[in-house]
Structure formats: structure tokens, C-alpha cells
Amino acid sequence: MIVEELHDCRDAFADELVRLARADSRVVAVCNDSVGSSKLGAFAAEFPDRLVNVGIAEQDMVGIGAGLANAGLVPFVCGAATFLTARALEQIKADVAYSLANVKLCGMSPGLAYGALGPTHHSTEDLSWLRAIADLPVIVPADPAQTRAAIRWAAETDGPVFLRIGRFPVPDVSPPGAPAFTYGRALRLREGVDATIVATGTMVSRAMRAAALLEERGVQARVVNVATVSPLDRDEITAAARQTGAVVTAEEAVPTGGLGAAVAEVVLETRPVPMRLLGTRAFAPTGEPDFLLEHFGLTADGIARSVLEVLGLDHA
1 MIVEELHDCR
11 DAFADELVRL
21 ARADSRVVAV
31 CNDSVGSSKL
41 GAFAAEFPDR
51 LVNVGIAEQD
61 MVGIGAGLAN
71 AGLVPFVCGA
81 ATFLTARALE
91 QIKADVAYSL
101 ANVKLCGMSP
111 GLAYGALGPT
121 HHSTEDLSWL
131 RAIADLPVIV
141 PADPAQTRAA
151 IRWAAETDGP
161 VFLRIGRFPV
171 PDVSPPGAPA
181 FTYGRALRLR
191 EGVDATIVAT
201 GTMVSRAMRA
211 AALLEERGVQ
221 ARVVNVATVS
231 PLDRDEITAA
241 ARQTGAVVTA
251 EEAVPTGGLG
261 AAVAEVVLET
271 RPVPMRLLGT
281 RAFAPTGEPD
291 FLLEHFGLTA
301 DGIARSVLEV
311 LGLDHA
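For reference, each letter of the sequence shown is one residue, going 1 to 316 in the UniProt record's numbering.
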């Protein structure tokens, strides 16, 4: 049996942020009393004068980030995704996106990562909210390599960015020798002709395992990693619908307005095919993250079952 080595993408984020700060004195960090959970300890130790901890005041945090950007700095504004987005949505819309401020919003531990703390700490609506805001790239890396590449791209790009940095331990899925992240482009990780699984973030590795399970049933499933949720790679999604004839989406978020809705819009407009949108369709019960993923069918088995259902095949 192959045992996968698992990684916390926050570690890759933190390490890359320190590297960027060493190379560019304009890089600063802003957080909401989340030095530990945002993995900013090494940054704080090396650059104590370039870390602004505003305390539990997310609206102020985003506003301060916008002010620092207007002063010519490159702020990475970090906090638990549920509080960064829900509490400061107006500031994200007006001070960052509408103003085209060079702020890098970093939503840490999104989705169901804070499972045992209950729905107040689950960040499942963030993709829907932020995808609805114009001129705001929404990026969800799937593994450490993609996280590092996305952070570098964000630092080099002038303008607002939202980065959703997962807490769930994940294996490496980025193909060796290929670019881990290209803005606006989805990455096809596995070929298939019978159906396509479109996944983002922590769901990508689960989609790959689902495809392996389906292969045992004689079903060849394509797997597409969508790191850039907004703007979506319409060409890759259209090709998937046209070439495989069925699409299942998987996200650790509400599909209403999120990845599922984005993919469904493209499929409806270009090549209508049978679909299933997997995600969190209700407030989650309180429980450990793995229990919650099982509850919503966001496991390799759950994804595989949905593919069989959309193909009209028995999954018993």
C-alpha cells in the first residue's frame, strides 16, 4: 500500500512569504491576532517591523491593508477565512476590489477545517461572496507547490487578489516538471473519456483518488484542478463537457455561487451535459473535519458515487 505524505499548505504559504519579504522590502503582513494560525511566526521573528497585528478587527485590518497598498507597500492580509470575508466584505468590495488596491487577501483555514468549532467558524460561503465581486481574482491552491507558485504570482501582480489557503493536510498533486500554477488556467491532472471531475483546493486530491476508484469499475474519469476559481478557465470546462459528456464538481464550500455554479454557468452556455455539484449545501453539524467531509459526501468514495450516479450506473 502506498502511503501519501501529507502537507499543510499554510506552511508553504508562510515559508514563501518570508522568501518574498527577503527579496522585496515592500512586502508586509497584516493579521487579526492570528500570528499562530496564519503561520506568521517566522515572518514576525525576522521582520518584526513589517508585521501589523490589528487584533480581532477584520474591517480595520482590510482597511489598513488598503492604506499600506496606497503607500506603495505589498500587504498580505491574513486571517481565518470565515472572519476575513464575512466581517470585512464591504471593505473587501470597496477598499480593495473597487479601488484596485494592491492587497493580497489570504483566507486561512477555510471550508470545514475548524469543524469542531461549529458553523460560526466554518468558511463555506467565501467563494460565493468573493466570486461575485468584480476585478477580484479568487485563487484556491491544491497543494504546497501550487500554493508557493500562487503566492509568487500574487506578489508580482499589481492589484487585488484573494488566496484561499487550506488547512487540511493534502498530498502533492502538481505534476513534476510542469508549472504548478498559471493564472486563469485550469490544470488537467488525469485524462478520461467517460466523465470529468472538476475540483478545487483540498478536493483535488480526493478527486484523484475518486478517479482511481472509478477506474476499478471501468469508468475513465478526467480530473481537472481549478486553482483560479475566478476568472474561470472556460475553454477547459467547455472541452471537458464536450469530450466526456458529464461533469461533477467538488469543493469544500457552498456550490451555490461557488465553483459548482461557475462551472454550471459555462456548461449551460456552451455544452449542456448532465452534472452534479458537490459541496456544503447546508450549515454543517459540529464535528471533526473528516466527519463533516463524510457528512457532505466530500470524500473519494462520495465523489466516485456521484460520478456513477450522473452516468446512470449502479454504485452498490
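Cβ atoms here follow ideal geometry from the backbone N, Cα and C, with glycine treated the same way.
- By the beta-carbon neighbour count (other beta carbons within 10 angstroms, threshold 16), serine 174 is buried.
- Relative to alanine 210, the option among Tyr183, Met61, Thr299 whose CA is nearest is Thr299.
- One Cα belongs to alanine 57, the other to valine 30, and the distance between them is close to 11 Å.
- Per DSSP, reduced to three states, the secondary structure at proline 75 is strand.
- With a cutoff of 9 Å on beta-carbon distance, alanine 69 and asparagine 102 are scored as near each other.
- For valine 161, the uninterrupted beta strand (DSSP E) segment begins and ends at 161–165.
- In the structure shown, arginine 190 adopts extended strand secondary structure according to DSSP, grouped into three states.
- When only Cα atoms are considered, phenylalanine 283 and serine 306 end up about 21 Å apart.
- The continuous beta strand (DSSP E) containing leucine 277 extends over residues 275–278.
- For the pair of segments examined, the segment 72–85 was found to touch the segment 110–125: the number of CB pairs separated by less than 8 Å reaches three.
- The continuous beta strand (DSSP E) containing isoleucine 197 extends over residues 195–199.
- Assignment of valine 263 by DSSP, reduced to helix, strand and coil, places it in the helix class.
- Alanine 145 and threonine 228 have their C-alpha atoms spaced approximately 15 Å apart.
- When C-alpha distances from leucine 214 are compared across Glu16, Ala264, Arg234, Val310, the shortest belongs to Val310.
- Per DSSP, leucine 293 is one residue of the alpha helix (DSSP H) stretching across 289–295.
- Under DSSP, leucine 51 takes part in a beta bridge, and its partners are Ala29.
- Counting only the Cα atoms, arginine 131 lies some 9 Å from alanine 262.
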